[in-house]
Ligand code: FAD
Ligand code: SF4
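Residue numbers (this note's numbering): 20 to 531.
Given below as structure tokens:
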């Protein structure tokens with residue numbers, strides 16, 4: 020009796036734990052496209068195309084290696100459209116000795132899988148996902164007994180553990196972190212290299228038709244889909260990044276520019292999260308660029324920190340705090356998500372551009388996510404459930420384990436400081452420093468009280484005043500709180516009046 024080996028849609032790696040001891044003569048690998056996973060939030064059309072096309076390509080690659088694959092397509096007549104249902108049907112068909120799977124990335128599915136053995140009357144072995152640098156258990160051990168968990172200390176331990184950018188026990192050149200050098204404004208005239216994109220092949224085109232038919236009412240443009248859907252394409256895209264954009268990644272990591280949606284970012288999260296790229300190989304490739312003198316340390320360290328530090332830390336925080344994390348709302352934010360998050364219909368140019376990029380590419384880079392859509396939602400007090408839902412829907416790289424701590428924690432401070440030590444609240448001055456959006460905006464970024472005043476300015480001070488009690492003791496907010504206290508009462512009242520009127524108009528659905 021062989022083994023039924025389950026590969027989930029975001030586990031498309033030949034090295035995935037469930038395939039580790041595959042016996043090609045006796046075992047069957049199951050991949051199932053299920054409607055429940057496409058619709059439990061109404062994912063961006065490009066996200067669904069990406070996952071289904073990558074699954075179909077992965078199944079074909081397994082077959083080429085002589086593996087028996089049982090593939091259930093979304094439009095198969097008998098598809099039960101639930102993962103549990105498809106595993107049960109496959110058990111009936113193949114009568115395996117046991118089922119082997121790799122742990123799911125989402126708490127909801129992981130919980131369900133814990134009970135499969137009872138429902139199936141069969142052993143179900145669930146293995147650790149070894150594609151990450153740290154297992155969940157290892158992260159729990161690291162976190163145990165610490166009072167506050169900070170990414171920086173975790174990251175340093177990971178550097179020591181992996182030896183990446185290390186010189187014995189010390190970081191190369193003696194410095195751990197070049198974050199301060201990663202915040203430069205992009206000067207006019209800097210040419211931004213085009214990122215590698217991939218025209219859809221016949222498999223992807225067929226999936227695009229399926230998605231247009233089945234999920235036509237989901238958010239986002241379908242045309243223009245150009246994400247890597249195979250490991251080979253993903254590697255080509257990563258190689259292109261290492262040569263053409265990594266050397267400048269560090270300098271302009273936080274910059275934003277109208278019309279340049281990708282800038283110097285790697286565009287690898289879609290592939291990494293699906294399993295088409297390997298996190299260790301990417302970090303080693305970047306370190307090799309530094310060793311060869313082709314990229315500077317600030318760029319390479321900045322890149323490795325994102326993957327070895329942030330990505331792993333965020334995943335650990337998710338598993339450590341679920342399921343309670345999903346209900347956190349430390350700042351008591353209750354406002355509904357404004358319609359312009361979907362339509363882009365707003366006079367705030369920074370938000371309009373970010374939503375338009377998101378709709379067109381199912382992508383926005385980190386600073387757009389954090390400092391434009393995230394920052395606005397924080398300042399305006401939008402309900403974290405609605406914001407979470409939005410981020411899960413709109414991005415092609417969205418999976419709950421990475422989306423939720425970034426949204427609830429980093430962007431909204433709804434976790435009360437588990438991910439970050441302070442809210443990433445910023446006024447229009449920050450957006451103006453880091454982008455060219457304000458030059459083409461109906462609002463005046465230098466004004467906080469007048470008719471054309473930038474909403475980010477008065478919402479920022481309204482946020483500080485609103486949370487004076489709850490956040491006043493946070494030492495990292497001491498400076499803005501001092502500035503607030505030093506302001507003339509008339510100015511504070513004027514800004515808070517502006518904020519109240521703006522939010523009321525927004526709630527009425529007026530274009531703001
Ligand atoms: P680059 O900027 O080139 O960075 C390289 C890689 O580092 C990324 O591909 C990613 O794997 C990793 N990385 C960087 N920052 C983070 C981070 N904060 N957390 C985890 N990994 C990180 N990332 C997702 O993969 N899925 C999400 O659903 C997601 N939701 C987010 C929601 C919010 C509110 C915020 C602020 C960030 C979110 N991120 C998410 C993190 C980050 O914005 C994206 O990983 C990044 O923009 C992907 O683009 P890139 O591949 O060009 O990344
Ligand atoms: Fe955004 Fe304000 Fe700048 Fe307009 S002026 S782009 S609203 S920060």
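Every residue, glycine too, gets a C-beta built ideally from N, C-alpha and C.
Computed from a predicted structure; not experimentally measured.
Unbroken beta strand (DSSP E) run spanning residue 220, endpoints: Working through the chain shown from its first residue, we reach residue 220 at position 201. Counting along the chain, residue 220 falls outside any beta strand (DSSP E), and DSSP gives it neither H nor E.
Selection from 339, 380 and 448 that minimises the alpha carbon distance to residue 157: Locating residue 157 in the chain shown gives position 138, where the first residue counts as 1. Nearest option by C-alpha distance: 339.
Nearest residue (CA-CA) to residue 387, options 263, 274 and 438: Locating residue 387 in the chain shown gives position 368, where the first residue counts as 1. Answer by Cα proximity: 274.
Identified DSSP bridge partners for residue 144: The residue given as residue 144 occupies position 125 in the chain shown. Paired residue(s): 119.
Straight-line Cα distance separating residue 122 from residue 418: For the purposes of this step, residue 418 is identified with residue 399 of the chain shown, where counting begins at 1. For the purposes of this step, residue 122 is identified with residue 103 of the chain shown, where counting begins at 1. If I take the Cα positions, the gap works out to 14 angstroms.
Contact under 8 angstroms by Cβ, residue 60 with residue 408: What you label residue 60 is simply residue 41 of the chain shown in a count that begins at 1. What you label residue 408 is simply residue 389 of the chain shown in a count that begins at 1. Cβ distance < 8 angstroms, so residue 60 and residue 408 count as in contact.
Under 6 angstroms, CB to nearest heavy atom of ligand 2: contacting residues: 367, 368, 369, 447, 450, 451, 456, 457, 460, 462, 464, 473, 474 and 475
Residue 24, enclosing alpha helix (DSSP H) - first and last residue: The sequence position of residue 24 within the chain shown is 5, counting from 1. Careful: residue 24 lies outside any alpha helix (DSSP H), inside the beta strand (DSSP E) at 22-25.
Buried versus exposed, by CB contacts within 10 Å (16 or more), residue 262: Start at 1 with the first residue of the chain shown, and residue 262 comes out as number 243. Counting Cβ neighbours within 10 Å, residue 262 comes out exposed, since fewer than 16 surround it.
Limits of the unbroken beta strand (DSSP E) element including residue 89: The residue labelled residue 89 in the question sits at position 70 within the chain shown. First-last of the beta strand (DSSP E) with residue 89: 87-91.
Alpha carbon of residue 425 to alpha carbon of residue 276, nearest angstrom: Residue 425 sits at position 406 when you count from the first residue of the chain shown. Residue 276 sits at position 257 when you count from the first residue of the chain shown. When rounded, the distance between both Cα atoms is 22 angstroms.
Residue 50: first and last residue of the uninterrupted beta strand (DSSP E) it sits in: Locating residue 50 in the chain shown gives position 31, counting from the first residue. Its beta strand (DSSP E) spans residues 47-51.
Cβ-heavy atom distance, residue 384 to ligand 4, below 7 angstroms: Inclusion of ligand 4 in the displayed structure is not the case, the ligand content consisting of ligand 1 and ligand 2 alone.
Distance cut-off 7 angstroms: residue 393 Cβ against heavy atoms of ligand 1: Locating residue 393 in the chain shown gives position 374, counting from the first residue. Yes, the beta carbon of residue 393 sits closer than 7 angstroms to at least one heavy atom of ligand 1.
Spatial distance of residue 252 from residue 295 (CA atoms): Counting from 1 along the chain shown, the entry for residue 252 is found at position 233. Counting from 1 along the chain shown, the entry for residue 295 is found at position 276. For residue 252 and residue 295, the distance between alpha carbons rounds to 9 angstroms.
Segments assigned alpha helix (DSSP H), at least 4 residues, entirely inside the stretch 282-323: 288-293, 298-310 and 316-323
For residue 261, three-class secondary structure by DSSP: For the purposes of this step, residue 261 is identified with residue 242 of the chain shown, where counting begins at 1. Three-state result, residue 261: helix.
Proximity below 8 angstroms, CB of residue 533 to CB of residue 268: No answer is possible for residue 533: the residues shown for the chain start at 20 and end at 531.
Residue 185 - DSSP class collapsed to helix/strand/coil: Here residue 185 refers to the residue found at position 166 when the chain shown is read from its first residue. Three-state DSSP puts residue 185 in a strand.
Run of the alpha helix (DSSP H) containing residue 339, from where it starts to where it stops: Against the chain shown, residue 339 aligns to sequence position 320. Counting along the chain, the alpha helix (DSSP H) containing residue 339 begins and ends at 331-340.
Where residue 283 falls, given that 16 or more other Cβ within 10 Å makes a residue buried: Here residue 283 is taken as the residue at index 264 of the chain shown, counted from 1. Answer is buried; the Cβ neighbour count reaches 16.
Nearest neighbour of residue 127, chosen from 206, 481 and 420 [CA to CA]: Indexing the chain shown from 1 puts residue 127 at position 108. When each option's Cα is compared against that of residue 127, the closest is 420.
Three-state secondary structure (DSSP) of residue 471: Taking the first residue of the chain shown as 1, we reach residue 471 at position 452. DSSP places residue 471 in coil when its eight states are reduced to three.
Proximity of residue 398 and residue 482 at Cβ, strictly below 8 angstroms: Residue numbering aside, residue 398 sits at position 379 when the chain shown is read from its first letter. Residue numbering aside, residue 482 sits at position 463 when the chain shown is read from its first letter. Going by C-beta atoms, residue 398 is nearer than 8 angstroms to residue 482.
Residue 338 CB to nearest heavy atom of ligand 1 below 7 angstroms: By 1-based counting over the chain shown, the position of residue 338 is 319. No, since every heavy atom of ligand 1 falls outside the 7 angstroms radius drawn around the Cβ of residue 338.
Which residues DSSP lists as bridging residue 190, in chain order: Reading the chain shown from its first residue, position 171 is the one you call residue 190. Bridge partners of residue 190: 185.
Range covered by the alpha helix (DSSP H) that runs through residue 458: By 1-based counting over the chain shown, the position of residue 458 is 439. Looking at the DSSP string, residue 458 is not in any alpha helix (DSSP H), and its letter there is neither H nor E.
Given 8 angstroms, three or more beta-carbon pairs between the stretch 49-56 and the stretch 92-108: yes
Own chain residues within Cβ distance below 7 angstroms of residue 379, not counting five before or after: Numbered from 1 along the chain shown, position 360 holds the residue referred to as residue 379. Hits under 7 angstroms: 240 and 243.
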